[in-house]
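Visitor: The structure is given below, and queries will be raised subsequently.
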Amino acid sequence: MELEKQIYKFHFCLTSWKYARIIAKLLFLGLLGISLLLISVYASLCIRQGERKLEFQLRDNRVISEFNENVVYTVNIVDHALSDPLLQMKFSFNRYLLTLKQNIAKDHKISQENLFVEAKNYQSGFDLFFLNFVDIETMFLVDFTQYFTDSKNDIMIYNVNTREAWLWRSNSLKNDDSTSFYIKMIRNFFLCQQILVSIFFVSCSSSIVIRLFLISTPIFTYIIKNLIQIIFRLDQQLNNQEQENWIGIYIRLLERNNKAKYYIITAFLTMILFYTIIYNEGLDQATQFMFGKSIPQGLNVFFMMIVFINELEGVLFLRTRSSIYFVPKYICCYYITYLFYLEKTMFLMSQTTFMAFLYFYEIPALTWQRQSFYTPTEQRPRCYYMPLFQIEWISDIPQIWTVFYGLCGRKYFDRQHLTYVDRNQIQFHQILEDEEHVDNE
3 MELEKQIYKF
13 HFCLTSWKYA
23 RIIAKLLFLG
33 LLGISLLLIS
43 VYASLCIRQG
53 ERKLEFQLRD
63 NRVISEFNEN
73 VVYTVNIVDH
83 ALSDPLLQMK
93 FSFNRYLLTL
103 KQNIAKDHKI
113 SQENLFVEAK
123 NYQSGFDLFF
133 LNFVDIETMF
143 LVDFTQYFTD
153 SKNDIMIYNV
163 NTREAWLWRS
173 NSLKNDDSTS
183 FYIKMIRNFF
193 LCQQILVSIF
203 FVSCSSSIVI
213 RLFLISTPIF
223 TYIIKNLIQI
233 IFRLDQQLNN
243 QEQENWIGIY
253 IRLLERNNKA
263 KYYIITAFLT
273 MILFYTIIYN
283 EGLDQATQFM
293 FGKSIPQGLN
303 VFFMMIVFIN
313 ELEGVLFLRT
323 RSSIYFVPKY
333 ICCYYITYLF
343 YLEKTMFLMS
353 QTTFMAFLYF
363 YEIPALTWQR
373 QSFYTPTEQR
383 PRCYYMPLFQ
393 IEWISDIPQI
403 WTVFYGLCGR
413 KYFDRQHLTY
423 VDRNQIQFHQ
433 ILEDEEHVDN
443 E
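Every position in the sequence shown, counted from 1, becomes a number in the working numbering once 2 is added.
Written out as structure tokens, the structure reads:
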């Protein structure tokens with residue numbers, strides 16, 4: 003509860019600014035316009051991709067249509083006005099041939115052949131306009147997969163300059179036109195369920211990590227203050243802010259009992275490291291689950307980054323009933339569309355949605371009636387967030403950090419502490435009665 007109150011204060015500070023609603027409106031309209039533009043460009047690009055036909059030419063300008071499985075082909079997209087090719091790719095139907103080093107390939111006399119593609123296919127008319135949104139490599143790869151549709155062999159291709167590689171299995175290159183509608187529907191249904199499970203895992207993991215770092219903010223503040231004191235050799239305390247949060251409570255208790263204070267710092271840092279490692283490993287597994295096919299480099303990182311940003315904005319800004327109910331549904335639709343695959347528009351559409359609800363609900367909520375249960379306040383920082391008890395910082399933080407706290411042997415405890423740890427209620431009450439008699443005397 004205390005964490006939600008602190009987040010609400012930050013939320014109130016931002017949304018109560020007199021220019022907040024104007025900026026939110028401008029961002030909403032601007033991002034909406036850019037998103038619609040990108041969607042129209044994407045639709046036009048898909049139409050254009052279906053119209054464009056890829057042709058591979060030899061040096062004598064003859065068009066080649068038959069390919070050998072034991073040959074490594076080098077594709078050069080050339081512009082006659084330039085000396086160097088715009089794009090150079092290598093592909094083969096035997097992926098092991100592409101992994102061989104150049105000297106080994108020559109020793110074994112692996113056949114290599116140069117193919118050429120006219121650059122005007124990607125630099126004329128609308129294609130020149132599309133290059134402002136997608137690179138020539140992406141456009142070529144789409145044409146490449148369409149060209150080798152229904153190939154009976156696996157195909158591997160890589161960029162000679164960036165060494166980024168893609169691999170398509172023969173089953174992924176099959177033409178779906180012959181597949182019945184019901185088979186496609188069932189396949190897409192299970193694919194959607196797979197995406198939903200992955201999104202649930204990534205979103206929950208991101209939300210947990212965000213709250214973990216927010217909870218641990220006082221720890222980082224305490225560490226920074228002590229480092230500043232050590233570096234500049236300050237004897238006095240910088241301020242008494244640490245007395246107002248939960249870390250101050252623990253530090254005072256340790257000081258009063260003459261205990262070492264660095265154990266609690268070490269415990270929290272170890273917990274953060276532990277969860278970060280689990281988070282990274284989990285994201286790797288989710289990447290394999292969601293992106294099982296060859297994808298452009300950095301696409302999975304971009305998706306995880308967008309999910310993390312959306313979860314952070316949700317924690318900070320989503321507080322009214324309408325925002326909490328509708329925004330996650332819209333964002334989830336964008337995720338599914340992205341993974342089904344509409345890459346560049348997801349970030350803008352998700353930010354457009356956040357700005358819309360910020361403008362129409364979150365900022366006006368500051369002027370709503372405080373008595374309403376749908377109005378966020380400091381005591382009710384989020385709609386539907388009604389804790390049963392008013393818990394303080396000392397009990398509000400997750401107790402998992404105590405797993406990493408250093409333990410002491412029983413010889414370090416006195417008789418009274420041992421009765422409390424062992425839950426020996428009879429002996430514990432006897433000790434209290436003895437102390438009470440001593441006090442009365």
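Every residue, glycine too, gets a C-beta built ideally from N, C-alpha and C.
Three-state secondary structure (DSSP) at Y337?
Guide: Numbered from its first residue, the sequence shown carries residue 337 at position 335. In the structure shown, Y337 sits in a helix (DSSP, three-state: H, G or I).
Visitor: Compare the beta carbon distance of T354 and L33 with 8 Å and say whether it is the shorter of the two.
Guide: In the sequence shown, residue 354 corresponds to position 352, counting from 1. In the sequence shown, residue 33 corresponds to position 31, counting from 1. Yes, the pair counts as a contact, with Cβ atoms nearer than the cut-off.
Visitor: Between the region 98 to 111 and the region 55 to 65, are three or more C-beta pairs nearer than 8 Å?
Guide: The region 98 to 111, when compared against the region 55 to 65, does not touch it at the 8 Å Cβ threshold.
Visitor: For D436, collect the residues of the same chain with a Cβ closer than 6 Å to its Cβ; drop the 5 residues on either side in sequence, then sort them by chain order.
Guide: Here the question's residue 436 lines up with position 434 in the sequence shown. Excluding positions up to five away in sequence, the list is empty.
Visitor: Are at least three pairs of beta-carbons, each pair with one atom in the region 183 to 197 and one in the region 73 to 93, less than 8 Å apart?
Guide: Cβ pair count under 8 Å is below three, so no.
Visitor: In three-state terms, what does DSSP make of E445?
Guide: Any property of residue 445 remains undetermined from this structure, which presents the chain solely from 3 to 443.
Visitor: Among the candidates V309, N78, N96, whose CA atom is the shortest distance from the CA of S153?
Guide: Position 151 of the sequence shown, counting from 1, holds the residue named residue 153. Of the listed residues, the one whose Cα sits closest to S153 is N96.
Visitor: How do the region 22 to 37 and the region 112 to 123 stand: do at least 3 beta-carbon pairs fall below 8 Å, yes or no?
Guide: With a cut-off of 8 Å, the region 112 to 123 and the region 22 to 37 do not count as touching, because too few Cβ pairs lie within range.
Visitor: Under three-state DSSP, which class holds Q195?
Guide: Looking up residue 195 in the sequence shown gives position 193. In this structure, Q195 counts as helix in the three-state DSSP scheme.
Visitor: May I ask you to report which of helix, strand or coil DSSP gives K27?
Guide: Counted from its first residue, the sequence shown places residue 27 at position 25. DSSP places K27 in helix when its eight states are reduced to three.
Visitor: Hey, is W170's beta-carbon within less than 8 Å of any beta-carbon in chain B?
Guide: Given the protein chain composition of this structure (a single chain), no chain B is represented.
Visitor: Taking contact to mean at least 3 C-beta pairs separated by less than 8 Å, is the region 220 to 232 in contact with the region 322 to 329?
Guide: No, they do not touch.
Visitor: Quick check on N72: does DSSP put it in helix, strand or coil?
Guide: In the sequence shown, residue 72 corresponds to position 70, counting from 1. In this structure, N72 counts as coil in the three-state DSSP scheme.
Visitor: Once DSSP output is grouped into helix, strand and coil, what is the label at K176?
Guide: For the purposes of this step, residue 176 is taken as residue 174 along the sequence shown, with counting starting at 1. In the structure shown, K176 sits in coil (DSSP, three-state: anything other than H, G, I, E or B).
Visitor: Under 7 Å from any heavy atom of the ligand FMN, does the C-beta of I308 make it?
Guide: The ligand FMN is not part of this structure, which contains no ligands at all.
Visitor: Mind checking H431: buried by the 16 CB within 10 Å criterion, or exposed?
Guide: Locating residue 431 in the sequence shown gives position 429, counting from the first residue. H431 comes out exposed.
Visitor: Quick one: grab the DSSP three-state call for E120.
Guide: Taking the sequence shown and counting its residues from 1, one reaches residue 120 at position 118. DSSP places E120 in strand when its eight states are reduced to three.
Visitor: Here's a check: name, in chain order, each residue in its chain whose Cβ is nearer than 7 Å to the Cβ of W370, leaving out the five neighbours to either side.
Guide: Translated into the one-based positions of the sequence shown, residue 370 becomes position 368. Within the same chain, W370 has close Cβ partners T377.
Visitor: Could you tell me the distance, in whole angstroms, from the CA atom of I157 to the CA atom of R23?
Guide: Translated into the one-based positions of the sequence shown, residue 157 becomes position 155. Translated into the one-based positions of the sequence shown, residue 23 becomes position 21. Cα-Cα distance, rounded: 53 Å.
Visitor: Quick one, are the C-beta atoms of R321 and H13 less than 8 Å apart?
Guide: The count along the sequence shown starts at 1 and reaches residue 321 at position 319. The count along the sequence shown starts at 1 and reaches residue 13 at position 11. Yes; because the gap between Cβ atoms is below 8 Å, this pair is in contact.
Visitor: Considering Cα atoms alone, identify which of L285, I49, I41, F58 is closest to V199.
Guide: Here the question's residue 199 lines up with position 197 in the sequence shown. Selected option, being the one with the closest Cα: L285.
Visitor: When burial is assigned at 16 or more other CB atoms within 10 Å of the CB, is F191 buried or exposed?
Guide: By one-based count along the sequence shown, residue 191 stands at place 189. Counting Cβ neighbours within 10 Å, F191 comes out exposed, since fewer than 16 surround it.
Visitor: Excluding the five sequence neighbours on either side, which residues of its own chain have a C-beta within less than 8 Å of the C-beta of Y459, listed in chain order?
Guide: No information on residue 459 is available, as it lies outside the stretch 3 to 443 that the chain covers here.
Visitor: Report buried or exposed for M141, applying the criterion of at least 16 other Cβ atoms within 10 angstroms of its Cβ.
Guide: Mapped onto the sequence shown, residue 141 falls at position 139. Under this definition M141 is a buried residue.
Visitor: Are the Cβ atoms of M306 and L341 separated by less than 8 Å?
Guide: In the sequence shown, the residue the question calls residue 306 occupies position 304. In the sequence shown, the residue the question calls residue 341 occupies position 339. Cβ distance not < 8 Å, so M306 and L341 don't count as in contact.
Visitor: Note the first and the last residue of the continuous alpha helix (DSSP H) segment covering Q287.
Guide: On the sequence shown, residue 287 is found 285 positions in, with the first residue counted as 1. Note, Q287: alpha helix (DSSP H), 264 to 292.
Visitor: Start and end of the alpha helix (DSSP H) containing Q148?
Guide: As a working mapping, residue 148 is identified with position 146 in the sequence shown. Its alpha helix (DSSP H) spans residues 138 to 149.
Visitor: Give me the Cα-Cα distance between E68 and S207, rounded to the nearest whole angstrom.
Guide: Here residue 68 refers to the residue found at position 66 of the sequence shown. Here residue 207 refers to the residue found at position 205 of the sequence shown. Taking the straight line joining both Cα atoms gives about 49 Å.
Visitor: Would you kindly check if the distance between the Cβ of D145 and the Cβ of R54 is under 8 Å?
Guide: Sequence index remark: in the sequence shown, residue 54 carries index 52 (1-based). Sequence index remark: in the sequence shown, residue 145 carries index 143 (1-based). Against a cut-off of 8 Å, the Cβ pair of D145 and R54 comes out as a contact.
Visitor: Could you tell me which of Q290, Q287, I333 sits nearest to V309, measuring between CA atoms?
Guide: For the purposes of this step, residue 309 is identified with residue 307 of the sequence shown, where counting begins at 1. It is I333 whose Cα lies nearest to the Cα of V309.
Visitor: Could you tell me the alpha carbon to alpha carbon distance between F270 and R254, rounded to whole angstroms?
Guide: Position 268 of the sequence shown holds residue 270. Position 252 of the sequence shown holds residue 254. Rounded to whole angstroms, F270 to R254 spans 17 Å at the Cα level.
Visitor: Which same chain residues end up closer than 6 Å to L240 when comparing Cβ atoms and leaving out the 5 residues on each side of it in sequence?
Guide: The residue you call residue 240 lines up with position 238 of the sequence shown. Bear in mind that the predicted position of L240 carries a pLDDT of just 46, short of 50, making it too unreliable to give a figure here.
Visitor: When the Cα atoms are used, what is the spatial distance from T339 to T164?
Guide: Locating residue 339 in the sequence shown gives position 337, where the first residue counts as 1. Locating residue 164 in the sequence shown gives position 162, where the first residue counts as 1. Going from the Cα of T339 to the Cα of T164 covers about 28 Å.
Visitor: DSSP state of Q373, grouped into three classes?
Guide: Position 371 of the sequence shown, counting from 1, holds the residue named residue 373. Coil, per DSSP.
Visitor: Check Y21 in the structure and name its three-state DSSP category.
Guide: Position 19 of the sequence shown, counted from the start, is the residue given in the question as residue 21. Three-state result, Y21: coil.
Visitor: DSSP beta-bridge partners for E313?
Guide: For the purposes of this step, residue 313 is taken as the residue at position 311 of the sequence shown. Note: E313 sits in no beta bridge, so no partner.
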